[in-house]
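S.K.:
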Amino acid sequence: MTTMEKPRLPTVATAWLLLTAPVVLLDAVFVLNRPKTPDTPHPLGELVLFQPWTVYATYDRRYAPNEDAFVVAQSWMNLLEVTLGLLALLLSFSGYWKSAIKLAAVVSVMTFSKTLLYFVMDFVEGGEYTRHIGYLDKLLMVLLPSSVWIIVPFFTAIRCLQSLSQAGSPGSGDNSPKKRKNK
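Numbering-wise (this note's numbering), the sequence shown opens with residue 84 and increments by one.
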């Protein structure tokens with residue numbers, strides 16, 4: 084990118100935000116509608132759309148009916164992330180490149196940090212919600228799929244920061260879709 088070009092939201096950020104928004108939204112809906120008592124079936128559990136979450140809840144019981152508040156707080160953070168991610172896309176599509184890139188970087192760091200915290204919680208709680216499964220199941224059904232939510236946002240944040248640093252001097256890559264006229 085030359086210093087004359089406007090910075091663009093990196094393709095990886097656009098793709099990540101577009102692809103993950105529906106998944107994260109469904110995840111939050113599943114958790115926020117989860118019953119608190121273990122003997123109660125999930126009200127959305129029979130819907131085909133939520134079958135992956137119903138299966139996942141057998142491996143990670145934090146998603147199963149219980150009174151765990153951490154996963155509920157995480158779900159509210161998920162909704163904030165989706166909102167901010169969609170705002171970053173809207174800013175990008177409207178030509179506010181620098182703001183879009185900065186916001187996408189923030190959202191990526193949020194996703195990375197929250198997922199890392201999720202792993203740390205499992206560790207410090209002694210695997211309270213995952214100790215019922217074997218190591219191979221934990222690796223294949225919990226750790227590997229969830230690690231995508233650490234790896235991709237990490238590289239997305241780096242790519243966004245690189246894009247900002249390549250934007251050149253403060254005057255290059257105007258952040259508005261149209262240049263303003265001085266009066």
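The C-beta atom is built at its ideal place from N, Cα and C for all residues, glycine as well.
1. With C-beta atoms as the reference, is isoleucine 233 less than 9 Å away from leucine 92?
2. Cutting at 8 Å between CB atoms, please list the residues of its own chain near leucine 130, excluding the five before and the five after it.
3. Kindly give me the distance between the Cβ atoms of proline 148 and lysine 181, rounded to whole angstroms, as I take these residues to be in contact under 8 Å.
4. Grab me the residues of serine 229's own chain with a C-beta within less than 8 Å of its C-beta, minus the 5 sequence neighbours each way, in chain order.
5. Would you call threonine 94 buried or exposed, if buried means 16 or more other Cβ atoms sit within 10 Å of its Cβ?
6. Exposed or buried, which one is alanine 156 when buried takes at least 16 other CB atoms within 10 Å?
7. Taking just the CA atoms, how far does leucine 244 sit from tyrosine 179?
8. According to the Cβ coordinates, are threonine 194 and threonine 103 closer than 9 Å?
9. What is the C-beta distance between tyrosine 142 and isoleucine 216, in whole angstroms, given that I count them as a contact (C-beta under 8 Å)?
10. May I ask which residues mark the beginning and end of the alpha helix (DSSP H) holding aspartate 205?
11. Are the region 162–169 and the region 216–227 touching, with three or more C-beta to C-beta distances below 8 Å?
12. Taking Cβ to Cβ, would you say serine 158 is nearer than 9 Å to leucine 115?
13. Please classify alanine 152 as buried or exposed, where buried requires at least 16 other C-beta atoms within 10 Å of its C-beta.
14. Which residue comes first and which comes last in the alpha helix (DSSP H) that contains serine 177?
M.R.: Taking the geometry as given:
1. Counting from one through the sequence shown, the residue named residue 233 turns up at place 150. Counting from one through the sequence shown, the residue named residue 92 turns up at place 9. No, Cβ-Cβ distance for isoleucine 233 and leucine 92 is not below 9 Å.
2. Looking up residue 130 in the sequence shown gives position 47. Once the five neighbours on either side are set aside, leucine 130 has no close Cβ partner at all.
3. The residue you call residue 148 lines up with position 65 of the sequence shown. The residue you call residue 181 lines up with position 98 of the sequence shown. Lysine 181 and proline 148 do not touch by the CB rule: their CB atoms are close to 45 Å apart, not below 8 Å.
4. Residue 229 sits at position 146 when you count from the first residue of the sequence shown. Excluding sequence positions up to five before and after serine 229, its CB lies within less than 8 Å of the CB of Thr198, Tyr201 and Phe202, all in the same chain and listed in chain order.
5. Your numbering for residue 94 matches position 11 in the sequence shown. Burial call: exposed.
6. Here residue 156 is taken as the residue at index 73 of the sequence shown, counted from 1. By the 10 Å Cβ count, alanine 156 comes out exposed.
7. Residue 179 sits at position 96 when you count from the first residue of the sequence shown. Residue 244 sits at position 161 when you count from the first residue of the sequence shown. Cα to Cα, the separation comes out at about 16 Å.
8. Taking the sequence shown and counting its residues from 1, the one referred to as residue 194 is at position 111. Taking the sequence shown and counting its residues from 1, the one referred to as residue 103 is at position 20. Closer than 9 Å, so yes.
9. Here residue 142 refers to the residue found at position 59 when the sequence shown is read from its first residue. Here residue 216 refers to the residue found at position 133 when the sequence shown is read from its first residue. Rounded, the Cβ-Cβ distance is 5 Å, consistent with contact.
10. In the sequence shown, the residue the question calls residue 205 occupies position 122. Element bounds for aspartate 205: 180–207.
11. No, the region 162–169 does not touch the region 216–227.
12. By one-based count along the sequence shown, residue 158 stands at place 75. By one-based count along the sequence shown, residue 115 stands at place 32. Yes, Cβ-Cβ distance for serine 158 and leucine 115 is below 9 Å.
13. Taking the first residue of the sequence shown as 1, we reach residue 152 at position 69. Classification for alanine 152: exposed.
14. Walking along the sequence shown from the start, residue 177 turns up at place 94. Looking at the DSSP string, serine 177 is not in any alpha helix (DSSP H), and its letter there is neither H nor E.
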